[in-house]
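Since the structure comes first, as structure tokens, the remarks are kept for the end.
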Amino acid sequence: MAWVNALLQGILIGGFYALFACGLSLLFGVMGIINLAHGDLAVIAAFIALTIAPATGLPIVWSFVLVVPIFAIGGYLLQRTLLQASLDRSPFTTLLVTFGLSVVIENVVLEVFTSNGQSLNIGSLIANSFNPSTAISISYFSLVVLAIAVVVLACLQLFLSKTMTGRLIRAVADDREAAQLSGANYRHLFAIAAAIAFATVALAGMAYGMYTEFSFSSGSANLLFAFEAVVIGGIGSLWGTLVGGVVLGIAQQVGAQINPAYQILAGHLVFLAVLAIRPRGLFGVRAAT
Amino acid sequence: MDTRDNKGEAVSTTDRNDQAQGANDPAENSLSRRAVLKSFGLGAAALGVAGVSNKGLGTLSNRRLTPLERGQAAGGSTLKIGYVSPETGALADFSQSDKYVLSKVRAAAAYAKGLKVGAHKYKVEITVADSQSDPNRAAQVAQQLVLQQKVDMIVTSSAPETTNPVAAACEQLRTPCLATVVPWESWYVGLGGDPLKPTKTFAYNAVFFFGMKEFAGTFLPMWNRIQKETKAAKVFAGMFPNDSDGNAFRAGFPPFAAKEGYKLVDGGAYSDGTTNYSSMIEKFKAAGCEFFVNAPLPPDFNTFWKQAIQENFRPKLATVAKVLLFPSDVIALGSLVNNIATDAWWTPWAPYKSSLTGESARDFAIGYQKQEGKEWVQSMGSAYSLFEVAVEAFMHSGDPHNKAAVAKALHNVSYSGLCGPIHFNKGPAPGVGIIYPVGIQWRPGKASADFGMKNPFQPFVVDNSLNKHVPINGELLPTNK
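Listed in order, the protein sequences are those of chains R and U. For the first sequence, the residue numbers in the working numbering are 1 to 289. For the second sequence, the residue numbers in the working numbering are 290 to 770.
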């Protein structure tokens, strides 16, 4: 029964990893940007939620109605300015720019919000769970996060395959010159993709803020898990990211079941194994989405 | 290795020139220079920081002292104290009260008007350096303070990541160094000593804080009281990460608990930053753990405790170390924090007074709440006492510019200040002064109990087994009924 619980817990935490990795996967799949500031952006989202909730009187759970649009707009603007400018130079510039962004964000957050650890308190909502059997307890909160991850990824998949804008984004990702010749404004399309990616980062950051305690420096640790989920699942595949997150989560829980010392290590080993045996990842396709 | 030693040689020689007038250099007697260098390397290794010593010595080799500079270093009417603490970075919480503490210290007569030692009067200057919570940086700034600022003493605070590299650098550069807010065992290991055979003297270093014995002495009486009340099984859960504090607890705490009849269920040496603790929690539940002790990073405890409640692990009493020290951690956990117990090494309710101004602990805390508009924190008392002890050491040194004499005086300080009585000559190891913590529980704050400030949560002293000076102002309640 302990193993069943480990498996279930792995799937639940996997949902969280997938939600976190979604924006990273999208930015990389569409624009080839490895966003090293991803984790720090999530932390900003949590801090903004923390500030907005008391200011507007919204319950903290509902503050996403404001945080997500703010992030989408921020993502659009950032892509049109800083990221696009660096993308026009070279992929290496992008890497350095996002790295610089990460450092700047950490220090600005430290200045504005101090070093104090914070958490988005949702009271007893976080503590509730149900027990299908005595050795298994499923937290409602984790289940909701998993559901959000699935819904977000499904919507994104639909958007990219069914809508005009989505198809244009894919076209630009596949062959920018050809798409441009056909009249696609790739700067605008990239910025839309960035807006969506940032919106998902906002959701992930808020989930993270409810899940644990965060401070200005906690972004980088999560970037690692998100990155692993993307690589395990396969770069450019959104469903792959979901599977990648779940595989990472299960690997960690199985490792922990053997010995808690192996929990993080087991995740890294699976990541390494995927890189070695199947560098494209489980569902990797060369082209985006 | 050769070049390193050569560089070390060059510096030590200049240093020895500086101290030509020092009557008897204790380091000459008890330790060879090579041994000091070696222990520095060990300290760095213990912290998992490869390259500390290399970097540090690199800074040294760039330095050339002119004879004039040397003359200034050895004399003058100004005493310089360097203060190294994590002003930024992951441990910056510990330093949130530094601004207030320094303003108080600088306003005290000894610092504002000058310090009279023998026939001379000295001006005292404090230079603050930020370790950025980074061991490499801490070693670097300590070197700079000694070699460029020419400080006469370094005081340092807040966690091994800052205090240990600073102490090691000071031992090497023969500069008196006083540390606090670091378990003395960790400090001693960092310098190259063995806490189980604490006979080795590190001539230039001293620390005041407490260790594993006092942690156990604070937590176990609380366990015993709850155990008697609830007749709970004497089985306890240990959540100890695979880091220096976690491993120190795993090795040091269970023997004390075993003496009182408590059996350990070890959750395993998990990595810092683990995101899911369900297998550990299931293990604790299956073994029927009724008590809980830990030494994790604050965010990890936050994650763990939320999951423990989700999975219905409800120990009768949780006593935590290293977390819930400051109000911000507590607020981050919200109402789930109720009746978790921890230790406090300083509280405003202690009947202690500043040895510099005579101001009471109570007024010191009230001043902070008024000036900063924030709840008092326990690190403010220990940070203040660093500067009290520094004055004591200078006063009794005879010649405050003689580093060897100051270091010797530091090891013999025996005084009473804002942290209570501290006797550096009677500790468990040479140069260790013990302060005695009390057990506290966090509960929703009351303005009447927190000097007129209504805080979301405040600590209540619930157990004073180790330190009867501090009055109890709250009842010890089980964490879970």
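Note that the Cβ used here is the ideal one computed from N, Cα and C, for glycine as well.
DSSP, reduced to helix, strand and coil, places G716(U) outside both helices and strands of the structure shown, so it counts as coil.
In the DSSP assignment, the residues bridged to E414(U) are K369(U). For the pair L622(U) and W665(U), the CB atoms are not nearer than the 8 Å cut-off.
The beta carbon of P132(R) sits no closer than 8 Å to any beta carbon of chain U. Comparing alpha carbon positions, the residue from Y477(U), D441(U), S644(U) and F580(U) closest to P717(U) is Y477(U). Membership of S237(R) in any beta strand (DSSP E) is not indicated, and neither H nor E is assigned to it by DSSP. Closer than 8 Å to the CB of G541(U) there is not a single CB belonging to chain R. Fewer than three beta-carbon pairs drawn from the stretch 520-528 of chain U and the stretch 725-742 of chain U are found closer than 8 Å, and the two stretches are therefore not classed as touching. The C-alpha of D632(U) lies about 7 Å from the C-alpha of F504(U).
For the pair S644(U) and L707(U), the Cα-to-Cα distance works out to about 7 Å. Listed in chain order, the beta strand (DSSP E) elements of length 3 or more contained wholly in the stretch 494-539 of chain U are 494-498 and 524-528. For D532(U), the CB contacts under 7 Å within the same chain, skipping 5 residues up- and downstream, are D561 in chain order.
Take E414(U), set aside five residues on each side of it, and the residues of its chain with a beta-carbon closer than 8 Å to its own are T367, L368, K369 and I370, in chain order.
The C-beta of N744(U) comes no closer than 8 Å to any C-beta of chain R.
For D752(U), the number of other beta carbons within 10 angstroms of its own is at least 16, and it is reported as buried. With contacts defined by Cβ atoms closer than 8 Å, F676(U) and V406(U) do not form a contacting pair. Spatial neighbours of A184(R) in its own chain (CB-CB distance under 8 Å, excluding positions within 5 residues in sequence) are listed in chain order as L168, A171 and V172.
The beta carbons of S102(R) and A37(R) sit closer together than 8 Å.
Of the other Cβ atoms in all chains shown, 16 or more fall within 10 Å of the Cβ of E450(U); this residue is therefore buried. Against chain R, the beta carbon of Q599(U) has neighbours under 7 Å at A127, S129, S137 and S139, listed in chain order. Closer than 8 Å to the CB of P260(R) there is at least one CB belonging to chain U. The three-state secondary structure of I761(U), taken from DSSP, is coil. Minimum Cα-Cα distance from N565(U) among the listed residues F283(R), F271(R), A276(R) and P260(R) corresponds to P260(R). At a C-beta separation below 7 Å, N121(R) has these neighbours in chain U: G623. At a cut-off of 8 Å between beta-carbon atoms, P587(U) makes contact with chain R. Secondary structure at N425(U): helix, using DSSP grouped into helix, strand and coil.
Beyond the five residues adjoining it in sequence on each side, S25(R) comes within less than 7 Å, by CB distance, of V230, L238 and T241 in the same chain, given in chain order.
With its beta carbon less than 8 Å from one in chain U, A6(R) belongs to the interface. Under a 10 Å Cβ-count criterion, Q253(R) is classified as buried, with 16 or more other Cβ atoms of the shown protein chains found around its own Cβ. For E764(U), the closest of E579(U), A457(U), Q730(U) and E681(U) by C-alpha to C-alpha distance is Q730(U). Neighbours of T212(R) in chain U, taken as residues at a C-beta separation under 7 Å, are given in chain order as P588, N591 and T592.
Relative to V373(U), the option among K439(U), V455(U) and A379(U) whose CA is nearest is V455(U). Boundaries of the alpha helix (DSSP H) harbouring R167(R): M164 to D174, taken from the DSSP string. Between T452(U) and V471(U), the C-beta gap is smaller than 8 Å, which places the two residues in contact. Separation of P487(U) and P544(U) (C-alpha to C-alpha, rounded to the nearest whole angstrom) is 18 Å.
Runs of beta strand (DSSP E) with 3 or more residues, each lying fully within the stretch 668-693 of chain U, are absent.
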